[in-house]
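Structure, as structure tokens:
What follows is the structure, encoded as structure tokens:
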């Protein structure tokens with residue numbers, strides 16, 4: 001069972017990371033084709049649309065998955081499929097109507113200063129076309145949750161890859177004639193790609209619609225699990241929603257807004273998705289260990305996985321900071337706001353690590369604490385945005401996010417401590433150790449580059465630096481582990 005869960009998480013993680021990589025390829029090509037003003041016109045419609053998209057699937061995937069895994073009677077599972085499908089379609093209609101009813105108010109709050117009536121009309125039309133995807137996205141998420149409830153992760157992974165591949169191919173087809181007036185075609189490509197993913201998942205579950213069913217309160221069961229999961233797992237979506245409303249009203253310029261809310265977020269989410277996959281895998285395992293009162297084993301598992309994530313995420317943050325200019329300009333051909341990527345890269349660690357902590361905290365059956373801390377974090381984010389953004393620009397929003405996530409992390413450690421899973425001290429030691437090793441590795445890689453690679457092109461120097469950095473980092477960690485094991489053996 002353990003290996004099956006980990007294999008499923010690996011498969012789903014591969015699909016999610018692959019989807020993010022394909023998404024980056026799409027963004028890379030899009031940024032090459034659209035001039036800065038065109039990218040702004042796309043971004044200011046895409047951001048509210050994407051936020052509504054996430055909210056429309058509010059906890060459906062983990063919530064439905066948990067419902068299915070709890071139900072022991074197959075006939076009830078199939079009834080949940082039937083009623084949940086109708087519920088998801090209704091949800092899509094509701095969010096479509098909400099976005100179109102409030103679209104003018106949303107744009108009025110989030111658009112940059114000095115926009116023209118023509119730009120406003122173009123963005124509004126983009127948003128209206130984009131909202132069509134809301135009809136089907138909740139149902140797609142519901143199907144993913146239903147299938148994952150049977151511990152079958154491959155269909156979801158394929159659907160994610162299919163959606164992103166279709167988007168790229170469709171965009172390549174229309175890209176020859178793309179300009180600022182035809183950006184709506186991109187949102188049509190999005191709709192078609194979502195539809196293909198939905199069709200694939202539908203054919204995977206369609207047979208269950210025609211099998212016997214037993215009635216029960218399926219919608220209540222979905223809501224009872226999906227709402228708490230949605231509140232917790234979409235915490236960063238809420239933070240982005242707060243940023244999208246507050247940043248422009250507080251005077252953030254359009255190119256900074258686009259870089260902060262759209263461009264750099266896409267670049268930092270690959271390692272975060274990896275951490276999310278680990279969190280998803282650890283949740284049921286910790287839950288089973290705590291239920292069977294195997295707290296020592298749960299503590300060892302939580303310590304091991306959080307330590308791995310710390311040692312993985314911290315060097316990634318450092319590399320992002322060192323090569324933020326090269327990475328940003330590679331994708332966007334614009335060096336004026338690359339510093340935004342350097343500043344926002346710290347979120348890789350905080351968001352990624354909290355995703356793992358969410359998985360552990362959910363596993364110890366104290367979910368109410370996590371929900372409350374998420375609400376407190378959101379309130380702190382709102383207040384701090386208004387206090388910090390006027391003084392520190394987008395960096396104020398980053399500070400507000402760090403503090404909000406910090407509040408949630410404190411609560412997570414409190415939950416684990418109450419459950420006798422005390423990992424705070426070991427995590428703190430791992431963070432200090434990882435930072436120290438990363439600095440030493442960076443110095444070694446710098447000396448190597450200065451000594452041997454100065455005469456070579458920059459790309460060779462960059463690749464050489466990264467290789468030496470990673471090798472030094474791994475060797476130092478291995479040396480540290482061997483040293484600690486010898487000390488413990490002597491003791």
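Numbering (this note's numbering), first residue to last: 1 to 491. C-beta atoms are modelled at their ideal positions from N, C-alpha and C, and glycine is treated no differently. Remember, predicted model here, so these are calculated numbers, not experimental data.
Quick one: Cα of residue 313 to Cα of residue 98, how far?
If you draw a straight line from the Cα of residue 313 to the Cα of residue 98, it comes to about 38 Å.
Helix, strand or coil at residue 343 according to DSSP, with G and I counted as helix:
Assigned with DSSP and collapsed to three states, residue 343 falls in helix.
Residue 443 to residue 327 span [Cα, whole Å]
21 Å
Are there 16 or more other CB atoms within 10 angstroms of the CB of residue 478, so buried, or fewer, so exposed?
Under this definition residue 478 is an exposed residue.
Where residue 138 falls, given that 16 or more other Cβ within 10 Å makes a residue buried
It is buried - the Cβ of residue 138 has at least 16 other Cβ atoms within 10 Å.
Residue closest to residue 57, alpha-carbon to alpha-carbon, out of 84, 74, 45, 155
Selected option, being the one with the closest Cα: 84.
For the pair the region 123-135 and the region 158-177, tell me if three or more CB-CB distances fall below 8 Å.
The answer is no - the region 158-177 does not touch the region 123-135, with fewer than three Cβ pairs under 8 Å.
Counting only the same chain and skipping the five closest in sequence on each side, list residues whose C-beta sits under 6 Å from that of residue 295.
420
Decide if residue 100 is buried, meaning its Cβ has at least 16 other Cβ atoms within 10 Å, or exposed.
Exposed.
Can you give me the Cβ contacts of residue 376 inside the same chain, cut-off strictly under 7 Å, excluding the 5 residues immediately before and after it?
407
Quick one: what does DSSP say residue 46 is sitting in, helix, strand or coil?
Looking at residue 46 - three-state DSSP - the assignment turns out to be helix.
Would you mind stating whether residue 356 and residue 319 have Cβ atoms separated by less than 8 Å?
no
Between the alpha carbons of residue 364 and residue 370, how many angstroms are there, rounded?
11 Å
To the nearest angstrom, report how far apart residue 15 and residue 336 are at their CA atoms.
33 Å
Could you give the distance in angstroms between the alpha-carbon of residue 124 and the alpha-carbon of residue 39?
15 Å
Does residue 373 pass the burial test, meaning 16 or more other C-beta atoms within 10 Å, or should it be called exposed?
buried
Going by C-alpha to C-alpha distance, which of 245, 13, 361 sits closest to residue 499?
Absent from the model: residue 499. The displayed extent of the chain is 1 to 491, so no value can be given.
For residue 440 and residue 382, I'd like the C-alpha separation in whole angstroms.
38 Å
Taking the C-alpha atoms as reference points, what is the distance between residue 127 and residue 293?
Cα to Cα, the separation comes out at about 51 Å.
Please report the straight-line C-alpha distance between residue 386 and residue 81, rounded to a whole angstrom.
43 Å
Residues near residue 200 in its chain [Cβ-Cβ closer than 8 Å; skip 5 each side]:
155, 158, 159, 162
Residue 423 vs residue 302 beta-carbon contact at 8 Å
Yes, these two residues count as a Cβ contact at 8 Å.
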